[in-house]
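Written out below as structure tokens is the structure these notes cover.
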Amino acid sequence: MPKNPAFLEIYRCLSLCYGRRNWWPIVRDGVSLYLPEFLARPRTPEEIFEIAVGAILTQNTAWKNVEKALAALEKSELLSARAILAASDADLAEAVRPAGYYNQKTKKLKLFARRITDELKGNIFALSQKGPEKSREWLLSHWGIGPETADSILLYGFSFPFFVVDAYTRRSFSRIGLLPNNAAYTSIQRTFHENLEFDPTLWREYHALIVELGKDTCRSSPFCNRCCLATRCKSAEQGTASAP
DNA sequence: CGCCAGGTTGTTG
DNA sequence: CAACAACATGGC
888 MPKNPAFLEI YRCLSLCYGR RNWWPIVRDG VSLYLPEFLA RPRTPEEIFE
938 IAVGAILTQN TAWKNVEKAL AALEKSELLS ARAILAASDA DLAEAVRPAG
988 YYNQKTKKLK LFARRITDEL KGNIFALSQK GPEKSREWLL SHWGIGPETA
1038 DSILLYGFSF PFFVVDAYTR RSFSRIGLLP NNAAYTSIQR TFHENLEFDP
1088 TLWREYHALI VELGKDTCRS SPFCNRCCLA TRCKSAEQGT ASAP
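As structure tokens, then:
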């Protein structure tokens, strides 16, 4: 199957529009850092664990709130499987609280830390030794980790070739006309996999750029009049979908 | 104030 | 299997 060049063209367009995102951020001293030099090397096990925690915390939640929670976890030295297991539910929940759904997320983190400890000898990096597919199955078998959370950990933590699909991806690309309206996660991901050569930096940035697009112009009520993709977007034609 | 955030799980028809 | 509720805080 020949690739649809639109996928790479849209990436280039978003890249020009929004610039480099340098995802995934790492929290240091309470601040999310987006550093290019950080992307130039593989993640450390500590960073991978933090990415996993952030990926769980950001489920249906604004990153701003996740940032507060991560900062609180950092301050309480709760950014390791060992520390999370040792902490009381109450203490962990207090740090997680700003990210919302704190009871659920506290439980997810506890269970996650428990499995990392029991099945991976406390080192999340050991997961990658299973290879991409087995790593994904391991994550998906976990209560509280669905496809987007798993793929975020796999792509941003391990550089494994899984495109991260989120609500913004579904919304924007169905508006553009490159995806059907209510496509399933797997189907959307397959479309991206089929139309983009794997390049970890490109795939990471692409997802980050789609999030930026979704927050900037392609909102639930979109601003098509100032969207950099308007000329190639089916939904923005004739300005029919422009906001008031 | 109401809507929406970088989803996932459980329940029901 | 699709549709829907539950989960919760904080920014705009």
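Per our numbering, residue 888 is the first one in the first sequence, and the count goes up by one each step.
Each residue gets a CB set at the ideal place from its N, CA and C atoms; glycine is no exception.
As the structure is a prediction and not an experimental result, all values here were calculated from the model.
The three-state reading of DSSP puts Ile971 in helix, counting H, G and I together. Here DSSP, grouped into helix, strand and coil, assigns Leu926 to helix. In the assembly as shown, Gln1076 is a buried residue. Its beta-carbon has 16 or more other beta-carbons within 10 Å. In this structure, the beta-carbon distance from Arg1057 to Trp910 does not fall below 7 Å. Contact between Ser1022 and Phe999 is absent: CB atoms are separated by about 14 Å, not below the 8 Å threshold. Distance from the CA of Arg984 to the CA of Ala956, rounded to the nearest whole angstrom, comes to 7 Å. Following the DSSP letters along the chain, one finds Val918 inside the beta strand (DSSP E) bounded by residues Val918 to Leu920.
Secondary structure note for Arg1002: its alpha helix (DSSP H) is the uninterrupted segment Tyr989 to Leu1007. In chain order, Thr993 place their CB closer than 6 Å to the CB of Leu979, counting only its own chain and leaving out the 5 sequence neighbours on each side. Per the Cβ contact rule, the region 1100-1117 is not in contact with the region 1082-1089 (fewer than 3 Cβ pairs under 8 Å). By the criterion of at least three beta-carbon pairs nearer than 8 Å, the region 963-983 is in contact with the region 1003-1010. With respect to the C-alpha of Ala1095, the residue from Ile1003, Asp1053 and Ile1063 having the closest C-alpha is Asp1053. Closest option to Leu1041, judged by alpha-carbon separation, among Val914, Ile935 and Cys1111: Ile935.
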